[in-house]
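Chemist:
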Amino acid sequence: MDKSSVSDFFVIKALEDGVQVIGLTRGNDTRFHHSEKLDQGEIMIAQFTEHTSAVKVRGKALVQTSHGEIESE
Ligand code: TRP
Numbered sequence: 014m015d016k017s018s019v020s021d022f023f024v025i026k027a028l029e030d031g032v033q034v035i036g037l038t039r040g041n042d043t044r045f046h047h048s049e050k051l052d053q054g055e056i057m058i059a060q061f062t063e064h065t066s067a068v069k070v071r072g073k074a075l076v077q078t079s080h081g082e083i084e085s086e
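Under our numbering, residues 14 to 86 are what the sequence shown spells out, in order.
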């Protein structure tokens, strides 16, 4: 895994209460390992790490990454 994939930060801003940010494990076994709940207006700033290779966002949120900005519903 190259270093840039680890240092990349992304921002998630909840646009409603109860938005879930779910971290999925890196490696052969892809499973949920962490779930964070955000209420409207709360933000989470996170990175991909050696433990986390993917993130699932449930609910209405604004997600900013180095690839751009997208809204989940
Ligand atoms: N302990 C997790 C890790 O180091 C924490 C984490 C980092 C995380 N990025 C995340 C949890 C994104 C949820 C979503 O990988």
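Think of the CB as a built atom: it goes at the ideal place given N, C-alpha and C, for glycine as much as any other residue.
Please read these numbers as outputs of a predicted model, since none were measured by experiment.
#1: Among residues of its own chain, excluding the 5 on either side of Thr38, which ones have a beta-carbon nearer than 6 Å to its beta-carbon?
#2: Assuming His80 is part of the beta strand (DSSP E), what are its boundary residues?
#3: Examine the ligand TRP and report whether any of its heavy atoms sits within less than 8 Å of the Cβ of Thr78.
#4: Is Glu1 close to the ligand TRP? I mean its beta-carbon at under 8 Å from any heavy atom of the ligand.
#5: Out of curiosity, what's the CA-to-CA distance linking Leu51 and Gln33?
Modeler: Looking at the coordinates:
#1: What you label residue 38 is simply residue 25 of the sequence shown in a count that begins at 1. Excluding sequence neighbours, Thr38 sits near Arg44 and His46.
#2: In the sequence shown, counting from the first residue as 1, residue 80 sits at position 67. Unbroken run through His80: none, as it is neither H nor E.
#3: Counted from its first residue, the sequence shown places residue 78 at position 65. Incorrect: Thr78 has no Cβ contact closer than 8 Å to the ligand TRP.
#4: Within the shown structure, residues of the chain are numbered from 14 to 86, placing residue 1 beyond reach of any answer.
#5: As a working note, residue 51 is residue 38 in the sequence shown. As a working note, residue 33 is residue 20 in the sequence shown. Going from the Cα of Leu51 to the Cα of Gln33 covers about 6 Å.
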